[in-house]
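Enquirer: My questions will all concern the structure given below.
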Amino acid sequence: MINKKVKNVATAIEGVEDGMTLMLGGFGLCGIPENSIGALVEIGVKNLTCISNNAGVDDFGLGLLLQKKQIKKMIASYVGENAEFERQMLSGELEVELTPQGTLAERCRAAQAGIPAFYTPAGCGTEVAEGKETREFKGKMHVLETAYEADFSIVKAWKGDEAGNLIFKGTARNFNPAMCGAGKITIAEVEELVPVGSLDPNQIHIPGIFVNRIFQGAKFEKRIEQRTVRSK
Amino acid sequence: MINKKVKNVATAIEGVEDGMTLMLGGFGLCGIPENSIGALVEIGVKNLTCISNNAGVDDFGLGLLLQKKQIKKMIASYVGENAEFERQMLSGELEVELTPQGTLAERCRAAQAGIPAFYTPAGCGTEVAEGKETREFKGKMHVLETAYEADFSIVKAWKGDEAGNLIFKGTARNFNPAMCGAGKITIAEVEELVPVGSLDPNQIHIPGIFVNRIFQGAKFEKRIEQRTVRSK
Amino acid sequence: MGLDKDTIAKRIAQELKNGFYVNLGIGIPTLVANHVPPGIAIEFQSENGVMGIGQFPFEGEEDADLINAGKQTITTMPGASFFDSAVSFSMIRGKHIDLTVLGAMEVAENGDIANWKIPGKMVKGMGGAMDLVASAENIIVAMMQVNKRGESKLLKKCSLPLTGIKCVKKIVTELGVYEITPEGFLLVEYAPGVSVEKIKNATEGTLIVSEDLKEMSFS
Amino acid sequence: MGLDKDTIAKRIAQELKNGFYVNLGIGIPTLVANHVPPGIAIEFQSENGVMGIGQFPFEGEEDADLINAGKQTITTMPGASFFDSAVSFSMIRGKHIDLTVLGAMEVAENGDIANWKIPGKMVKGMGGAMDLVASAENIIVAMMQVNKRGESKLLKKCSLPLTGIKCVKKIVTELGVYEITPEGFLLVEYAPGVSVEKIKNATEGTLIVSEDLKEMSFS
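Below is the structure:
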């Protein structure tokens, strides 16, 4: 077994430097690598390009990096829910590249899978396709999209073992699996790091080969954005 | 819950007609849809194009359809282990299109995923790339490959529920997941059809939306091609 | 005058057919789930990675790891499944979803839709909408027909940046039900108590009135 | 004269480094797994969908659902995982596999390899070999240097249909270890008891002898 365990979040994020491109898992605040984001705020790396479906909220998730102006460019599909983000974007402080959500997921997966480019119908005839090659397949136009390049992929899983195998929970899975192995180095923070051999090989969502460093997060706040309930 | 259960293999393969294209899961004889193949032999449909990683052995798997000369064209990555196949191919009775295994898997997955075409490095500079568009990405040549089109996808899973959700076992998973939803109609035969609600939603390999018809196979022979053992 | 948002959703629910996999957008579309006609089986997908969405959880049973695309806490039905975003959009792009219901800022008479950006003012992003409208065969727009400034959202041509082109098939608003046809918006149903005259005034694009025009029915 | 197949595998095993994910082809490459140097962690992948392959099963414990790409029954090690073929080739095409060892019918001095087809005679197919050689950064060919008719398989140019171009980095045969260089096959090690003269005679392509030429060592 190839051991991917690192002792803590500080060791996990070693090598993240100013100007790098990071992919970060999560949908809204669900399934985000909280511990790693916290550590990035702490070390104060700047001029980051972040590829993530959303940009967090004002005081949590990637919002924390935005507050400290550590992000130069954001690649995302949806960035509502964040006033500071909107302010930085409209003032021109923050560069923003909006991408259809499925294209975002597929460009990560393409990087993981060694597919340099693929065609998708999403965004044809819109701003998103401007400057991109388009092509007809079976009577329908498609846009050529390329695999993302990133220095680090930073993901959050539910359980993991020292071999780097990951299992996600519920909708906290989202973008995390497709980002594993998509960046040059993949960091996984897990709620529970279990001994090798205790996960069923048949039920592993992401094999450890796609993960370079794994650690158990010290604390997971797991904030809820829209608490919707019904009464009994 | 949308119910995908059909009563038996005969109902499951209804609509398979002469001249159609079928995708069939399995690697060697591992994870092949034995019951459906048996039924196709029985109804005697002819001039089939079969997309499957291998072509079975002389007396099992797709070899049974070859014996009866029901296959007009075979798309596969590896076709050793089958003397009748070799005879039909060399005599010109059988049309054969050989494809790199990863490209085969990805072309199925592309069909499932609504990606009409993608670039892969596999096969560049070889016969496989002849007549295909090639293109350089990051200094390396790639071939443009398209999604497969098929009338039916026929797969085999370990467990499934009436909603069509599937779980595979061990290396019997192989091509089965990528083929689900890749053909117009997907038939899944399972070793055990369990009641809806008894599978953990977090551990489903293929959600039921990719499956149109599901049934519990009457019998699984699960033949072993190369029994290799060590002594205690 | 016209329908409230919940009744728009109720009218759209009539479009659900047995066996449909459905993706509902944020806003009015979300309400459609409350009006599934009895006796038919429908599964609701959310593009963040769940099929088989159930009701909202009981208070105290919310799970931070279980939300829909609107970031609301949810529950799941028996037969549900979780999957990653790439698989989720395989369902969408691969045309496995039977019906997409989403909101819009503008719809043009050729089926163009705009719902993600107001240049210089608001840019929330397209989320999964561009993938949905580019792939779905069956797209219904649920929206109020007139914006806050009293302007029609059924237009000859969209003025805002597009989300997708020639993709909308049907529109349900507080005033009526419309189909996109080569000739323009075909009014097929009007809301109870709403006149065709009123509808014409609230439609900037070409409006044609169906020969089979009828009042919406909610029996 | 020269090494037997198992000793070729043993020599290749010296190329394994701690932390390597390795894909072994059918034939001599499979034997490499028996010679992993002590103290290093290696995981073996098989492209049909398993990472962390262990030994062959004990008699009576074979599982039809657990095979390698050679269709042999196998077991798994702690930390193993199963995955589908698309994911398996994501590992391969995505350059996550650190070392690929495979057999060949012919290797050319520029690194071209042929191993899947003899026109008109034998067509077994390329299986996963084309994906492997097109993607791997680190490819070692394990083969007998001379075919059954006594002809060299280290050629100026391949005569058979290619599997991949300019991809082989190193070759280990019963006679020696070769690196592909711009000048041709660089002989870096010879098998015990084999003369350079003998090796030259068994090499049709350009052969250069390393200044650091040494005998293979198996201590």
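Protein chains in written order, with our numbering: chain A, 5 to 236; chain B, 5 to 236; chain C, 46 to 264; chain D, 46 to 264.
Backbone N, C-alpha and C fix where the C-beta goes; we use that ideal spot for every residue, glycine too.
All of these numbers come straight from a predicted model, not from anything done at the bench.
From which residue to which residue does the alpha helix (DSSP H) around Glu-256 (chain D) run?
Expert: It is not in any alpha helix (DSSP H) - Glu-256 (chain D) instead sits in the beta strand (DSSP E) that spans 252-260.
Enquirer: From the beta carbon of Gln-105 (chain B), is the nearest beta carbon of chain C less than 8 angstroms away?
Expert: no
Enquirer: Would Tyr-82 (chain B) count as contacting chain D if we go by Cβ distances under 8 angstroms?
Expert: yes
Enquirer: Report all residues from its chain with a CB closer than 6 angstroms to the CB of Glu-322 (chain B); omit the five preceding and five following residues, and keep chain order.
Expert: Residue 322 (chain B) lies beyond the residue range present for chain B, which begins at 5 and ends at 236; the question has no answer from this structure.
Enquirer: Along the stretch 162-175 of chain C, where does the CB come closer than 9 angstroms to a CB of chain B? Name the residues.
Expert: none
Enquirer: Thinking Pro-211 (chain A) and Met-96 (chain D) are a contact (beta carbons under 8 angstroms), I'd like their distance in whole angstroms, please.
Expert: Met-96 (chain D) and Pro-211 (chain A) do touch by the CB rule: their CB atoms are close to 5 angstroms apart, below 8 angstroms.
Enquirer: Tell me which residues share the same chain as Glu-21 (chain B) and place their Cβ nearer than 7 angstroms to its Cβ, disregarding the 5 neighbours each side in the sequence.
Expert: Val-49
Enquirer: Among residues of its own chain, excluding the 5 on either side of Ala-16 (chain A), which ones have a beta-carbon nearer than 6 angstroms to its beta-carbon?
Expert: Val-10, Ile-191, Arg-217 and Phe-219
Enquirer: Return the CA-CA distance between Glu-85 (chain A) and Gly-67 (chain A), expressed in angstroms with no decimal places.
Expert: Spanning the two alpha carbons is a distance of roughly 10 angstroms.
Enquirer: Name, please, each residue of chain C whose Cβ falls closer than 7 angstroms to the Cβ of Val-200 (chain B).
Expert: Chain C residues near Val-200 (chain B): Pro-123 and Gly-124.
Enquirer: Mapping DSSP to helix, strand and coil, what is Gln-190 (chain C)?
Expert: If DSSP states are grouped into helix, strand and coil, Gln-190 (chain C) belongs with coil.
Enquirer: Is the CB of Asn-308 (chain B) under 8 angstroms away from at least one CB in chain A?
Expert: There is simply no residue 308 (chain B) to check, as chain B begins at 5 and stops at 236 in what is shown.
Enquirer: Compare the Cα-Cα distances from Met-27 (chain B) to each of B:Gly-127, B:Arg-177 and B:Ile-189 and report the closest residue.
Expert: B:Ile-189
Enquirer: Going along the chain, which unbroken runs of the alpha helix (DSSP H) with 4 or more residues stay wholly within the stretch 121-181 of chain C?
Expert: Runs of the alpha helix (DSSP H) inside the stretch 121-181 of chain C: 130-138 and 174-180.
Enquirer: Please confirm if the stretch 184-197 of chain D is in contact with the stretch 68-78 of chain D, defined as three or more CB-CB distances below 8 angstroms between the two stretches.
Expert: yes
Enquirer: Among C:Phe-263, C:Gly-64 and C:Ala-174, which has the Cα closest to the Cα of Leu-102 (chain A)?
Expert: C:Ala-174
Enquirer: So what does DSSP say about Ala-114 (chain C), is it helix, strand or coil?
Expert: Ala-114 (chain C) falls in the coil class under three-state DSSP.
Enquirer: Any idea if Pro-227 (chain D) is buried or exposed, counting beta-carbon neighbours within 10 angstroms, 16 or more meaning buried?
Expert: exposed
Enquirer: In the DSSP assignment, find the alpha helix (DSSP H) that holds Phe-89 (chain B) and state where it starts and stops.
Expert: 87-95
Enquirer: Taking only the alpha-carbon atoms, compute the straight-line gap between Ala-133 (chain B) and Leu-177 (chain D) and give it to the nearest angstrom.
Expert: 16 angstroms
Enquirer: Is DSSP giving Lys-243 (chain A) helix, strand or coil here?
Expert: Since the first residue of chain A shown is 5 and the last is 236, residue 243 (chain A) is not available in this structure.
Enquirer: List in chain order: all unbroken alpha helix (DSSP H) runs of 4+ residues lying wholly within the stretch 29-96 of chain B.
Expert: 38-47, 67-71 and 87-95
Enquirer: Can you tell me whether Val-241 (chain D) is helix, strand or coil according to DSSP?
Expert: Helix at Val-241 (chain D).
Enquirer: Start and end of the beta strand (DSSP E) containing Arg-217 (chain B)?
Expert: Element bounds for Arg-217 (chain B): 217-220.
Enquirer: Along the stretch 101-113 of chain D, what residues have a CB closer than 9 angstroms to any CB found in chain B?
Expert: Phe-101, Pro-102, Phe-103, Glu-104, Gly-105, Glu-106, Glu-107, Asp-108, Ala-109, Asp-110, Leu-111, Ile-112 and Asn-113
Enquirer: Suppose contacts are defined by Cβ-Cβ distances below 8 angstroms. Is Glu-149 (chain B) in contact with Ala-121 (chain B) by that definition?
Expert: yes
Enquirer: Whose CA, out of D:Asn-160, D:Phe-230, D:Asn-246 and D:Ser-91, lies closest to the CA of Thr-118 (chain D)?
Expert: Residue D:Ser-91 is the option with its Cα nearest to Thr-118 (chain D).
Enquirer: Per DSSP, which one or two residues make a beta bridge with Ala-121 (chain B)?
Expert: Looking at the DSSP assignment, Ala-121 (chain B) forms a beta bridge with B:Thr-150.
Enquirer: Bridge partners for Ser-91 (chain C) per DSSP, in chain order?
Expert: C:Val-95
Enquirer: Could you tell me which of B:Glu-153, B:Ala-43 and B:Ala-126 sits nearest to Phe-141 (chain A), measuring between CA atoms?
Expert: Nearest C-alpha to Phe-141 (chain A) among B:Glu-153, B:Ala-43 and B:Ala-126: B:Glu-153.
Enquirer: Let me confirm a value: Arg-113 (chain A) is counted as buried when at least 16 other C-beta atoms fall within 10 Å, else exposed. Which label applies?
Expert: buried
Enquirer: Short check: CB of Gly-170 (chain C) to CB of Asn-160 (chain C), under 8 angstroms?
Expert: no
Enquirer: Going by other Cβ atoms of all chains shown within 10 Å of its Cβ, with 16 needed for buried, is Phe-128 (chain C) buried or exposed?
Expert: buried
Enquirer: Assuming Glu-234 (chain D) and Lys-198 (chain D) make a contact with CB atoms under 8 angstroms, what is their CB distance in whole Å?
Expert: About 18 angstroms separates the two Cβ atoms, so there is no contact after all.
Enquirer: Any heavy atom of the ligand COA inside 7 angstroms of the beta-carbon of Glu-249 (chain D)?
Expert: For the structure depicted, the ligand COA is absent and the ligand set is empty, with no information on it obtainable.
Enquirer: Mind listing the chain B neighbours of Met-261 (chain C)? Cutoff is C-beta to C-beta under 9 angstroms, in chain order.
Expert: None at all; the shortest Cβ gap to chain B is about 27 angstroms.
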